[in-house]
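In the numbering used here, the protein residues as written are 6 to 142.
Positions of the beta carbon are idealized from the N, C-alpha and C atoms, including for glycine.
Taking it in order: structure first as structure tokens, then the write-up.
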Amino acid sequence: MESDEKPRIINLPRIYDPRGNLTFVQDGDSLLPFEVHRVYWTYDVPAGEKRGGHSHYQGRELLVATSGSFNVNVFNGSEWQTFTLNRPYMALYIPPMYWRTLDNFASGSVCMVLTNVKYTEDDYVRELDDFLKLTAK
6 MESDEKPRII
16 NLPRIYDPRG
26 NLTFVQDGDS
36 LLPFEVHRVY
46 WTYDVPAGEK
56 RGGHSHYQGR
66 ELLVATSGSF
76 NVNVFNGSEW
86 QTFTLNRPYM
96 ALYIPPMYWR
106 TLDNFASGSV
116 CMVLTNVKYT
126 EDDYVRELDD
136 FLKLTAK
């Protein structure tokens, strides 16, 4: 893990319009800390359920609550930090080697994720004990 890379909120552009607002990201935009290779979203998360529960070796992610709200809990091996996502113009950047869990989903929430890698199981750390060994100082 690069020591200067930390999870952080990135405010995305907003175009205000009385007919409805618009937010966007685009390739080559200086707001994006990586080139996007995959986009996916989770939705219809049942009340009380959690998502995530893993880390990535190389994957960088940008999470956006396109609808509703939820918490993202990130862990660097020694300290937890919680971010509440509830605005579609606020994105959470998560660099590699941060454990993450998502919880406290409001009904109708949608979590969109942009990432720099295509799906490969080899990029995942699925067990917290393995993550702790990898991040031990």
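**OP:** Please classify PHE39: does DSSP put it in a helix, a strand, or coil?
**Re:** coil
**OP:** Would you check if the segment 44-53 and the segment 112-124 touch, i.e. whether three or more CB-CB distances between them fall below 8 angstroms?
**Re:** yes
Subject >> Pick from THR28, ASN81, ASP128 that is closest to ALA96, judged by C-alpha positions >> reply: THR28
Original post:
What did DSSP end up calling GLU7 once you bin it into helix, strand or coil?
Top reply: Low confidence applies here, because GLU7 scores a pLDDT of 45, under 50, leaving its location unreliable; read the following figure in that light. Here GLU7 sits in coil by DSSP.
Original post:
Any contact of the segment 81-90 with the segment 120-132, i.e. 3+ C-beta pairs under 8 angstroms?
Top reply: no
Subject >> the segment 63-78 / the segment 93-109 touching (three or more Cβ pairs under 8 angstroms) >> reply: yes
Original post:
Just how far apart, CA to CA, sit LEU25 and ARG19?
Top reply: Note that residue 25 corresponds to Gly in the displayed sequence, not to Leu. Taking the straight line from one Cα to the other gives about 11 angstroms.
Original post:
Would you say LEU67 faces chain C, with C-beta separation under 8 angstroms as the test?
Top reply: Considering every chain present, this structure includes no chain C. It has just one protein chain.
Subject >> Cβ pair PRO100, ARG43 closer than 8 angstroms >> reply: Cβ atoms of PRO100 and ARG43: not closer than 8 angstroms.
Original post:
Run through DSSP, which three-state label would GLU126 get?
Top reply: DSSP, read as helix, strand or coil, puts GLU126 in helix.
**OP:** Drop a sphere of 10 angstroms on the beta-carbon of LEU119, count the other beta-carbons inside from all chains shown, and report buried for 16 or more, exposed for fewer.
**Re:** buried
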